[in-house]
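Reminder that position 299 of the sequence shown reads as 1008 in our numbering, one-by-one numbering, no gaps.
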Amino acid sequence: MEEKKSFLKEKIDINSPNKNIVPISTSIGSDGKLSIGGCSIEELVKRYDSPLYILDEITLRKSCRAYKKALEKYYPGKSLPIYASKANSSIFMSNLVASEGFGLDAVSEGELLTALKGGVPNKHIVFHGNNKSDKEIEFAVKNNIKVIVDNDYDLERLEELSNSFDQDLEIMIRFTPGIECHTHEYIRTGSFDSKFGFGIEYLNNLFARISNIKHLKLKGIHAHIGSQIFELDPHKDLGEIMVNVILEAKKFGHDIEELNVGGGLGIKYTENDDPPSIDEWVKTISTSIVKACKKQNIDLPTLMCEPGRSIVSTAGITIYKIGAFKEIPGITTYLSVDGGMSDNPRPITYQSNYSACLVSNPFNFNSKKKYTIAGKHCESGDVLFKEIELADCKTGDLICVFGTGAYNNSMSSNYNRIPRPAALLVFDGEAEVIQKRESPLDLLRYDVLPDRFIKQN
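And the structure:
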């Protein structure tokens, strides 16, 4: 029996999970089948059905602790890692990151409420967004959550709100540092042409303006240069740029106490990916800021960073069940699964690549052909994998897709009126539901038939 080369045989880095394709607790049972967190995936699907999201608690906590440890090691001042909850927002995730000493970054009232319900301290939550509603801003202010000002519109409404409450509000501002990264253009947010933040050339005017606003106290600055980044030099440059901005703010009487460098560290989705470790990323950022502050003879600010993908992505897998096959001779064999773009929109949106294997034959024994794995939605572009090599498979077999902890559940939809999957947490042989599976009836809860249509019928 010939054994194919498999990413499952790669050594697992327990100190920097973002450098692994698989969760830390991944194992192959005595039956040759895949397990996560000490749980048989086949047994989990029998109990909870498919598609199924699964998160590994060990990987989640190791990721959080890698950031905490590196910040303590390389940054002599105060620091606060902040989880970018857009990656995967739930009461569970909010609770877990809070238990690991993290703050949380939210961009809507829904994410704010989820964070509070999950137990994240108000003072450790920051509120982002380029078009916050009045209701959202008021919710944040009433709950003592710091607002990151993204534009003039934010500033105007916060000024009005602080005056109406007759109370001081601490704010941060977001600016675009003009750093380019080699990443997908849709997730490159730090260039001059971005919908996010004030242009760096406008900052002095902004500092002067805030100086004349009675109740707004500028305490921090924020910049974010993109996502899924494998380069360290842009983050090194970012630290120096931000310290220079602190110096400019001082000229207008603003004492900047908090410096937020955003996130963006990439993860290993496929064997070709080689991201820096969490330790390397934090060291680069920290060293740059410490060096720049020493050069300018200013005190170290509280260093904040906002990892999201690198916390949760590798911890997550998605399980699908194979249904129909369609062979097109000389072209490809379509293998259809019971999920697709509604539970993972990234392949059709970003042409994102993942790694996968059969649950029953993870090492790819007897692999003879490549398949195109198609979702079940009514879109020809609903394809999760093009030309992936798998062991011989049949209807009913299970496929495990790795690296799906981030931007799968949080970006999921009910397209074609397909309910969202259940989500499980696995640890030490136990599995617990952290989000219930939707049912078709759940999708009807907010549908309303107008009265005149009811009368006509």
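Cβ coordinates follow ideal geometry from the N, Cα and C atoms, glycine included.
Task: C-alpha gap between Gly838 and Lys855, whole angstroms - done: Roughly 12 Å between the two C-alpha positions.
Task: Residues sharing a beta bridge with Pro790, DSSP - done: Cys1014, per the DSSP bridge assignment.
Open item on the list: I'd like the ranges of any alpha helix (DSSP H) spanning at least 4 consecutive residues and lying wholly in the region 1040 to 1102.
Closed with: Runs found: 1055 to 1059.
Open item on the list: Looking only at its chain, what residues have a beta carbon closer than 7 Å to the beta carbon of Gly973, apart from the 5 residues adjacent to it on each side?
Closed with: Answer for Gly973: His933, Ile934, Gly935, Ser936, Ile938, listed in chain order.
Open item on the list: Please classify Cys1087 as buried or exposed, where buried requires at least 16 neighbouring CB atoms within 10 angstroms.
Closed with: Exposed: under 16 other Cβ atoms inside 10 Å.
Task: Helix, strand or coil at Asn953 [DSSP, three-state] - done: Asn953: helix per DSSP, three-state reduction.
- [ ] Pull up the DSSP beta-bridge partners for Ser986, would you.
- [x] In the DSSP secondary-structure assignment, Ser986 is not bridged to any residue.
TODO: Could you check the C-alpha separation between Glu711 and Pro1056 for me, to the nearest Å?
DONE: The pLDDT assigned to Glu711 is 43, lower than 50, so where the model puts this residue is not dependable, and the model offers no usable value.
Task: Tyr895 versus Gln1165: straight-line alpha-carbon distance, rounded - done: Unreliable placement is indicated for Tyr895, whose pLDDT of 49 sits below 50; the coordinate value is still reported in the next sentence. Tyr895 and Gln1165 have their C-alpha atoms some 47 Å from each other.
Open item on the list: Taking 7 Å as the limit between beta carbons, can you name the residues of its chain near Asn1053, skipping five residues before and five after?
Closed with: The residues are Thr1027, Leu1093, Thr1113, Asn1117.
Task: Under the three-state DSSP convention, the category His833 falls into - done: Per DSSP, reduced to three states, the secondary structure at His833 is helical.
Task: Cβ-based neighbour list, Ser725, same chain, cut-off 7 Å, excluding 5 preceding and 5 following - done: Shown here for Ser725: same chain residues with a beta carbon closer than 7 Å to its own, the five before and five after excluded, namely Ala775, Ser986, Ile987, Asp988 in chain order.
TODO: Drop a sphere of 10 angstroms on the beta-carbon of Tyr1080, count the other beta-carbons inside from all chains shown, and report buried for 16 or more, exposed for fewer.
DONE: Result: buried.
Open item on the list: Can you give me the C-alpha to C-alpha distance between Leu1176 and Gln1060, rounded to a whole angstrom?
Closed with: Residue numbering for the chain in the displayed model covers 710 to 1166; residue 1176 lies beyond these limits and cannot be assessed.
Task: Close beta carbons around Lys992, own chain, < 6 Å, minus the five adjacent residues each side - done: The answer, listed in chain order, is Tyr783.
Task: Given Gly828 as reference, the closest of Ser842, Asn797, Leu805 once Cα atoms are compared - done: Ranking Ser842, Asn797, Leu805 by Cα distance to Gly828 puts Leu805 first.
Open item on the list: Using a Cβ distance threshold of 8 Å, determine whether the region 1038 to 1046 contacts the region 1011 to 1026, with at least three qualifying pairs required.
Closed with: By the criterion of at least three beta-carbon pairs nearer than 8 Å, the region 1038 to 1046 is not in contact with the region 1011 to 1026.
Open item on the list: Between Ile1082, Val816, Phe961, Lys718, which has its C-alpha nearest Lys844's C-alpha?
Closed with: For Lys844, the nearest C-alpha among the options comes from Val816.
- [ ] Examine the Cβ distances between the region 789 to 802 and the region 994 to 1004 and report whether three or more of them are shorter than 8 Å.
- [x] Contact fails: fewer than three Cβ-Cβ distances are below 8 Å.
Open item on the list: Check whether the region 1002 to 1016 and the region 956 to 968 are in contact - that is, three or more C-beta pairs closer than 8 Å.
Closed with: Three or more Cβ pairs drawn from the region 1002 to 1016 and the region 956 to 968 lie within less than 8 Å of each other, which places the two stretches in contact.
Open item on the list: Could you check whether the region 942 to 958 touches the region 732 to 751, counting it as contact only if at least three pairs of C-beta atoms, one from each stretch, sit closer than 8 Å?
Closed with: Segment contact: the region 942 to 958 against the region 732 to 751, fewer than three CB-CB distances shorter than 8 Å; contact not assigned.
- [ ] Let me know the beta strand (DSSP E) ranges lying completely inside the region 826 to 888, each 3 residues or longer, listed in chain order.
- [x] Secondary structure remark: continuous beta strand (DSSP E) runs of at least 3 residues inside the region 826 to 888, in chain order: 834 to 836, 855 to 858, 878 to 885.
- [ ] Check each candidate in Ile976, Ala1024, Val1142 and name the one with the smallest Cα separation from Leu764.
- [x] Minimum Cα distance to Leu764 is reached at Ala1024.
Open item on the list: Does the contact criterion of 3 or more C-beta pairs under 8 Å hold for the region 745 to 759 versus the region 793 to 810?
Closed with: By the Cβ rule, the region 745 to 759 does not count as touching the region 793 to 810, because fewer than three pairs are nearer than 8 Å.
TODO: Report yes or no: do three or more beta-carbon pairs, one from the region 903 to 923 and one from the region 858 to 865, lie closer than 8 Å?
DONE: The answer is yes - the region 858 to 865 touches the region 903 to 923, with three or more Cβ pairs under 8 Å.
Task: Reduced DSSP secondary structure (H/G/I, E/B, other) of Leu821 - done: In the structure shown, Leu821 sits in a helix (DSSP, three-state: H, G or I).
Open item on the list: How far does the beta strand (DSSP E) with Lys926 in it extend, from its first residue to its last?
Closed with: Counting along the chain, the beta strand (DSSP E) containing Lys926 begins and ends at 925 to 931.
TODO: Compute the Euclidean distance between the alpha carbons of Phe1034 and Lys1085, then round it to the nearest angstrom.
DONE: About 12 Å.
Open item on the list: When you compare the CB positions of Ser1121 and Arg1129, do they come within less than 8 Å of one another, or not?
Closed with: Their beta carbons are under 8 Å apart, which means Ser1121 touches Arg1129 by this criterion.
TODO: Measure how close the beta-carbons of Lys945 and Ser873 come, nearest whole angstrom, since I'm counting them as under 8 Å.
DONE: About 43 Å separates the two Cβ atoms, so there is no contact after all.
Open item on the list: Can you check which of these residues, Ala1065, Glu1147, Asp877, Ala807, is closest to Asn853 by C-alpha distance?
Closed with: The option with the nearest alpha carbon to Asn853 is Asp877.
Open item on the list: So within the region 726 to 806, which uninterrupted alpha helix (DSSP H) runs reach at least 4 residues, ignoring any that extend past its ends?
Closed with: The qualifying runs are 750 to 757, 766 to 783.
Open item on the list: Tell me the residue span of the beta strand (DSSP E) that contains Ala815.
Closed with: Ala815 -> beta strand (DSSP E) spans 812 to 815.
- [ ] Along the alpha helix (DSSP H) that carries Ile1163, what are the first and last residues, could you check?
- [x] Its alpha helix (DSSP H) spans residues 1160 to 1165.
TODO: Please report how far the alpha carbon of Asn727 lies from the alpha carbon of Lys928, in whole angstroms.
DONE: Approximately 32 Å, taken between the alpha carbons.
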